[in-house]
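Single-structure report; data block below.
2 protein chains.
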Amino acid sequence: MSQFIAVDLGGTNIRVAYFPKAELPPLTQSKTPTLAPEGPDAVIERMCQAIEEQLPTDRSDLSIGIGAPGPLDPRHGMVLKAVNLPGWEMIPLKSILEQRFVCPVHVGNDANLAALGEWRFGAGQGTNDLIYLTISTGIGGGVIIDGRLLVGSWGLGAELGHMTVDPDGPICSCGRPGHLEAVASGPAIARRATARIEAGETSSLTEQLKASGSLTAVDVGDAAQAGDPMAREVIEEAAEYIGRHMADLAHAFNPEIFVIGGGVSQLGPLLFEPIERAVEANVMTLAYMMNVQIAPAALGDDAGLIGAMVLASQE
Amino acid sequence: MSQFIAVDLGGTNIRVAYFPKAELPPLTQSKTPTLAPEGPDAVIERMCQAIEEQLPTDRSDLSIGIGAPGPLDPRHGMVLKAVNLPGWEMIPLKSILEQRFVCPVHVGNDANLAALGEWRFGAGQGTNDLIYLTISTGIGGGVIIDGRLLVGSWGLGAELGHMTVDPDGPICSCGRPGHLEAVASGPAIARRATARIEAGETSSLTEQLKASGSLTAVDVGDAAQAGDPMAREVIEEAAEYIGRHMADLAHAFNPEIFVIGGGVSQLGPLLFEPIERAVEANVMTLAYMMNVQIAPAALGDDAGLIGAMVLASQE
């Protein structure tokens, strides 16, 4: 019987779990601060210690799955560059851990693994063709086609937040104009609300912006939940962009289900209802909506960790 | 040894070939006018007669592959609607032909099958991850991921020409705004040139437009080849849209090769050079361009027919 250590390496926390078999729940689980500014060597050492604390006595048939920020090369288990982890460039994570733990190590892009987790154990259970979008500080993606994770030729695929939705739109974090991430991520929502208030619109957020000097997507979401018309419009605009892009993705991938996770998805119906309207309004024919679900993610912060276990169990 | 009849059902011609094995060239091949206005029953009868003419005496291990215009449901071999074939709605092509010829029949979207043909025997031989775009009256697509054709949950995927490149752009043939097809297909190129001349720009095409009342993409391409600056700009604008969309597709699929076919691709370097510049300018990192080829299609009008044989041979 195979057993698995799963790792989710994030900019804030390193999460590690031990799965005696390819099933939920894990037997043990831990969360350690990443302390990313200390650099790759310190972070990797901290990750290895967290793994060691959960290593079973009998290590036969053990393999390790790791989710890490992209872009990374999953074939070679190499992190090419991790925006939230200072100093991480060309880090051969797979070979470092294989030498240390003398077992197979599999590395995947964190959003891709969250898609895999949601597909196998979360909102997408029982489907074959799934698109996952995580909408938070950035917008990440994952695609399952006929039960297999899309990674592409060099493992750089499924970057669904980095596709153009408005060529005249703002510059994205990646430097290119008008990507979905630039108009519909958490920071984009906060930026749009701030700009409207600074342009003179009145909103329940006006005082808050004056007092704190900045707004977050959570602030905008809270105001929208409380009925603030401007905040609602800002959320609806983001949802419209997301929904239109999902119609394009439906034409490209014709999925059975869209799973939407990440902090911004916590807005619930405020976000999902305008998304659904925008998808329906923008698909070529309603055949693309036949039996299609648009579902909130079910695994929360554990999606990537669980996906790392699924990755290791599939290899 | 398996043997195959391949059929490419187009709006203008029905092409049929007999392959004694899954290799090129076919032993026999024919082209019959579709006479689409006569309606589905007459077209299907004409197609069946063309097949019968090439049927081998020994029909053991025979299967038939058919490429037809989409949208269609490849699992059930059902043409949902074919824009160029009047009266074709919900036509169960697979079961009609299976009853008639008592052998397995496999049906695929024509652009998808052209992708399959180019991948197996054309410009994409030896690759695993391929994106095919055919740019002519419409813009069709096909995607090979890890050696498998992407069809999606209901077989409606890979409609890469029907993805938004400019939300404020013109309405597409499908009724939605700003798709690639609406700004970069042959008719879109002709429309842009016509509009510029009608707005008062001078061009070598001015007289031609006056004389004939309309322009085609071939006219614009000929003028561009002859050095007409306006015609060149129109081609470059289309190429810029195509290249930017290819960068988005690189982020989604991370392919090894883009294969570009269809009438407009005959423009050669006039089209391909600005496409290459636009792809490079719009990918997030040049990692997406590592070892990536952008190649003209190699099989010409035979791509779909050959792909129909490949489809039958894979099933």
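As given, the protein sequences belong to chains R and G, one line each in that order.
As numbered in our numbering, residues 2 to 316 make up the first sequence, in order.
As numbered in our numbering, residues 2 to 316 make up the second sequence, in order.
Where is the CB? At the ideal position from N, CA and C, for every residue including glycine.
Discussion item. Cutting at 8 angstroms between CB atoms, please list the residues of its own chain near D130 of chain R, excluding the five before and the five after it.
Written reply: Apart from sequence neighbours up to five positions away, the residues of its chain that approach D130 of chain R with a beta-carbon distance below 8 angstroms are I145, I146, D147, F254, N255, P256, E257, I258, ordered along the chain.
Worksheet item: If you drop the 5 nearest sequence neighbours on each side, which residues of the same chain put their C-beta closer than 6 angstroms to that of W120 of chain R?
Response: For W120 of chain R, where only same-chain residues beyond five positions count, the Cβ hits under 6 angstroms are L131, I145.
Worksheet item: Of the residues R:L250, R:C104, R:N113, R:F102, which one's Cα is nearest the Cα of L73 of chain R?
Response: Nearest of R:L250, R:C104, R:N113, R:F102 to L73 of chain R, Cα basis: R:N113.
Discussion item. On the criterion of 16 or more Cβ atoms from any shown chain inside 10 Å, does Q4 of chain R qualify as buried, or is it exposed?
Written reply: Buried: at least 16 other Cβ atoms inside 10 Å.
Discussion item. If you reduce the DSSP assignment to three classes, tell me which class K211 of chain G lands in.
Written reply: For K211 of chain G, the secondary structure class from DSSP, reduced to helix, strand or coil, is helix.
Worksheet item: Who pairs with G68 of chain G in a beta bridge, going by DSSP?
Response: DSSP, once it has assigned bridges, lists G:D9, G:G109 as partnering G68 of chain G.
Item to complete: Could you tell me which chain G residues have their CB closer than 8 angstroms to the CB of G109 of chain R, listed as they occur along the chain?
Response: Chain-ordered listing is empty here: chain G has no CB closer than 8 angstroms to the CB of G109 of chain R, the nearest sitting near 14 angstroms.
Discussion item. Any beta carbon from chain G within less than 8 angstroms of L171 of chain R's own beta carbon?
Written reply: Leu is not the amino acid found at residue 171 of chain R; the sequence shown has Pro there. No, its Cβ sits nowhere closer than 8 angstroms to a Cβ of chain G.
Item to complete: Look up T128 of chain R in the DSSP assignment and say whether it is helix, strand or coil.
Response: DSSP places T128 of chain R in the coil class of the three-state scheme, outside both helix and strand.
Practice prompt. For Y289 of chain G, collect the residues of the same chain with a Cβ closer than 6 angstroms to its Cβ; drop the 5 residues on either side in sequence, then sort them by chain order.
Written response: These residues qualify, in order along the chain: A251.
Worksheet entry | Residues that DSSP places opposite N14 of chain G in a beta bridge | Beta-bridge pairing links N14 of chain G to G:P34.
Worksheet item: Among all the DSSP beta bridges, which residues are the ones paired with L63 of chain R?
Response: Note: L63 of chain R is bridge-paired with R:Q4 in the DSSP secondary-structure output.
Worksheet item: So, G68 of chain G versus L150 of chain G, is the Cβ gap smaller than 8 angstroms?
Response: For the pair G68 of chain G and L150 of chain G, the CB atoms are not nearer than the 8 angstroms cut-off.
Worksheet item: Are G12 of chain G and P70 of chain G close, meaning C-beta to C-beta below 8 angstroms?
Response: Between G12 of chain G and P70 of chain G, the CB-CB gap stays under 8 angstroms.
Worksheet item: F254 of chain R touches chain A at which residues, Cβ-Cβ below 8 angstroms?
Response: The structure shown has no chain A; the protein chains it does contain are R and G.
Item to complete: Could you tell me which of R:L98, R:A218, R:I295 sits nearest to Q185 of chain R, measuring between CA atoms?
Response: Sequence inspection shows Ala at residue 185 of chain R; the Gln mentioned does not correspond to that position. Cα-wise, what sits closest to A185 of chain R is R:A218.
Worksheet item: So, E123 of chain R versus L300 of chain R, is the Cβ gap smaller than 8 angstroms?
Response: One detail in the question is off: residue 123 of chain R reads as Gly in this sequence, not Glu. In terms of Cβ geometry, G123 of chain R and L300 of chain R form a close pair [threshold 8 angstroms].
Practice prompt. Thinking V265 of chain R and L271 of chain R are a contact (beta carbons under 8 angstroms), I'd like their distance in whole angstroms, please.
Written response: Their Cβ separation, rounded to whole angstroms, is 10 angstroms, which puts V265 of chain R and L271 of chain R out of contact at 8 angstroms.
Item to complete: Could you name the residues of chain G that H163 of chain R contacts, counting a contact when the two beta carbons are closer than 7 angstroms?
Response: What H163 of chain R touches in chain G: H252, M285.
Discussion item. Starting from A296 of chain R, trace the beta strand (DSSP E) in both directions and tell me its first and last residue.
Written reply: A296 of chain R -> beta strand (DSSP E) spans 294-297.
Worksheet item: Taking one C-beta from the region 220-238 of chain G and one from the region 100-110 of chain G each time, how about it: are there three or more such pairs within less than 8 angstroms?
Response: In short, these stretches do not touch, since the Cβ pair count stays below three.
Worksheet item: Does the region 291-307 of chain R come close enough to the region 276-284 of chain G to have 3 or more Cβ pairs within less than 8 angstroms?
Response: No, because fewer than three Cβ pairs between the region 291-307 of chain R and the region 276-284 of chain G fall closer than 8 angstroms, the two stretches do not touch.
Worksheet item: Taking all protein chains shown into account, do 16 or more other C-beta atoms lie within 10 angstroms of the C-beta of K95 of chain G, making it buried, or fewer, making it exposed?
Response: Classification for K95 of chain G: buried.
Worksheet item: Using the C-alpha atoms, what's the distance from A248 of chain R back to S174 of chain G?
Response: Each residue's alpha carbon lies about 16 angstroms from the other.
Practice prompt. Would you mind telling me which residues of chain G sit closer than 9 angstroms to V166 of chain R, beta carbon to beta carbon, in chain order?
Written response: Under the 9 angstroms cutoff, chain G gives T165, P168.
Worksheet item: Is the shortest distance between the beta-carbon of Y19 of chain G and the beta-carbons of chain R less than 8 angstroms?
Response: So, not an interface residue.
Worksheet item: Does DSSP classify D147 of chain G as helix, strand or coil?
Response: In this structure, D147 of chain G counts as coil in the three-state DSSP scheme.
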